[in-house]
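Just below is one structure, and these are the notes that go with it.
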Amino acid sequence: MIRMSIKRRLFISNILMLVMPILLTILMSFCLLLIFMGITGIHDMRSLKYGNLFNSLIDEVDTLSVKWSQNNEIPTIRSDIDHFNNQYNAEGISLAIYKGKDQLYPQTAVSNSVLDIALAQDGKYSLIRDNDAIYRLRTGEYTVILSDTNFTNYRRDAFGFHFYLGIVIFTFLIAVVFLTNRILTRFVFRSIITPIETLVHGVHQIRDGNLTYRIKYDKNDEFASVCLDFNEMAGRLSEMVNARQKDETNRRELIAGISHDLRTPLTSIKAYIEGIEKGIASTPQVRKRYLETIKSKTHDLEYIINQLFLFSKLDIGEFPFRLEQIDIGKELSSLIAGHIKEYEEKGLTISLIQNVQNVYVEIDVVQFRNVIHNVLENSVKYKIKEHAATKIACRENDTHVLITLTDNGPGVSEEAIEQLFDVFYRSDLSRKNPSKGSGLGLAITEKIIERLGGEIKAENVPDGGLAIVITLPKLKGEENVKKNIDY
């Protein structure tokens, strides 16, 4: 099926608005003319051209006159006259032949007020008086007389025919224009109003909050692209609303998390200060212990505030990164070697079980180390054994470097694993210990990796534990290390 565009429909409609009335008017005029000729018996178009039948028959009489001058036998002349009169006597027109003033044929006398005048003339002669018209010409020794006793009535009838024909044609033309306009308007209007109604319905659906509504439009016209744009707009609007709702949820969780994590050390500080004020810490040793606790809780508050500041800067993209092209294998080896003893003291054994060589990535070294530190600290905080272990593996594919940190902790539920990097999120009870962390570490880690152009995800280990997989885009070939400050 050929689909027609609205532009083409309008073009065809305008052409038909001009052509159709003209063609139909010509056709109707021809049909009315045929009807009139059938009713009146006129078969010569000249009769209409000159306004009456009499004038159109003069040429026919001239032709008969020439014929009779060549063959003046009376039987032939009589036969021609009879044939002529049989055709036109009903209209008051007759043909007769005279010799001098005597009528030779037909024998029926013709009463005409101008007959004597015409017979007295020489050569061709025509005369019209009142309702009579006569035409005289000479052929050999005979005089041929064409007479019409209904001349002016016939002209009146012809005028009436033309008048009424004009009225009918004009009326028909108006009707044709009107009907053509209605049909063509419907032809074009339907192709416009239906898509508009579809779009209006879609707009109302979006207005009423149905952001999943999509327009189904299978025609290939100008509205197809509009409907596609509408669907794309609805999709983006839905994404924006969902993102806004998620941001609102995160904001509420952030406020709740900040309130919770700040309240715990503040409550502790307040209690110890009140103890000092009330004299509970009566000895120097107790006061010293109280002050050390207050100092420790103050450091906790400072850490939480610094983490919040870092997260907010990363979230809005205003934290400056100092990017460097680094051999990731060497960086990991150096980083782990420098922290093995530190984490051994915390009850976590870290080991590099797989590494890459001569593979470069572009990272902020300080923030990358912050990422590894956050993941390792997370393993320390939620370990269930006195001595836990985290194994680190680094491998590559054609385009990326994959760093996996796998611990032997409790892991998380499959339902909670997608939310592990949400701000202030703590999963099920097996890993929930608010006193051991702010809930910002993994959220900050995700923001840093995203700024470096990579991805981070969490996976449960079949034998128990949690694996954090970091993916970073690698640079092609060995390039000289060069620094680039990103603001």
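If you use the UniProt record's numbering, the sequence shown corresponds to residues 1 to 487, in order.
The beta-carbon is built from N, C-alpha and C at its ideal position, and this holds for glycine as well.
All values derive from a computational prediction rather than experimental measurement.
DSSP places P410 in the coil class of the three-state scheme, outside both helix and strand.
Secondary-structure assignment with DSSP links Q325 through a beta bridge to E362. Taking every protein chain shown into account, the CB of G209 has fewer than 16 other CB atoms within 10 angstroms, so this residue is exposed. For A271, the three-state secondary structure derived from DSSP is helix.
In the DSSP assignment, R451 falls within the unbroken alpha helix (DSSP H) covering 441-451. Within the same chain, Y135 come within 6 Å of S126 by CB-CB distance, once the 5 residues on both sides are set aside. The way I'd put it, the segment 142-152 does touch the segment 95-105; three or more beta-carbon pairs between them come closer than 8 Å. The C-alpha of A337 lies about 13 Å from the C-alpha of R369. Counting only residues of its own chain and dropping the five nearest sequence neighbours on each side, V365 has a CB closer than 8 Å to the CB of R322, E324, I326, E331. The three-state secondary structure of N14, taken from DSSP, is helix.
The segment 276-296 and the segment 310-322 do not touch, with fewer than 3 CB-CB distances between them shorter than 8 Å. Note that the C-beta distance between I169 and T63 is not below 8 Å.
Comparing alpha carbon positions, the residue from N220, L228, I269 closest to Y213 is L228. Here I363 is buried, its C-beta having at least 16 other C-beta atoms within 10 Å.
N397: not part of any beta strand (DSSP E); DSSP gives it neither H nor E.
Around the beta carbon of D102, fewer than 16 other beta carbons sit within 10 angstroms, so the residue counts as exposed.
C-alpha of Y382 to C-alpha of P410: approximately 8 Å in a straight line. D132 is bridged by DSSP to R129.
With a threshold of 16 other beta carbon atoms within 10 Å, I255 falls short and is exposed. Under the criterion of beta carbons closer than 8 Å, G453 and I470 do not qualify as touching, at roughly 12 Å. For K99, no alpha helix (DSSP H) run applies; the uninterrupted beta strand (DSSP E) run containing it begins and ends at 93-99, by DSSP. Going by DSSP, Q70 is part of the alpha helix (DSSP H) stretching over 53-70.
Note on A120: under 16 other CB atoms within 10 angstroms of its CB, so exposed under the neighbour-count rule. If you check the CB distance, I206 and N231 do not come in under 8 Å. If you draw a straight line from the Cα of V401 to the Cα of V380, it is about 25 Å long.
Below 8 Å, enough C-beta pairs join the segment 343-362 and the segment 390-409 to call them touching: three or more. When C-alpha distances from A458 are compared across G329, S413, N397, the shortest belongs to S413. Distances from the CA of I273 to each of E292, Q107, T349 were compared; the closest alpha carbon is that of E292.
The residue among A467, L211, D59, Q245 with its C-alpha nearest the C-alpha of R236 is L211. Using a Cβ distance threshold of 8 Å, F54 and A133 count as a contacting pair. In this chain, the alpha helix (DSSP H) harbouring P284 covers 284-315. Minimum Cα-Cα distance from N460 among the listed residues N378, I417, R287, L472 corresponds to I417. Counting only residues of its own chain and dropping the five nearest sequence neighbours on each side, S238 has a CB closer than 6 Å to the CB of L211. Check the Cα spacing between E318 and each of R451, D422, F84, I304: the tightest is with R451. Separation of the CB atoms of I269 and T298 is rounded to 7 Å, and the pair is thereby assigned contact status at 8 Å. In the structure shown, E459 adopts extended strand secondary structure according to DSSP, grouped into three states.
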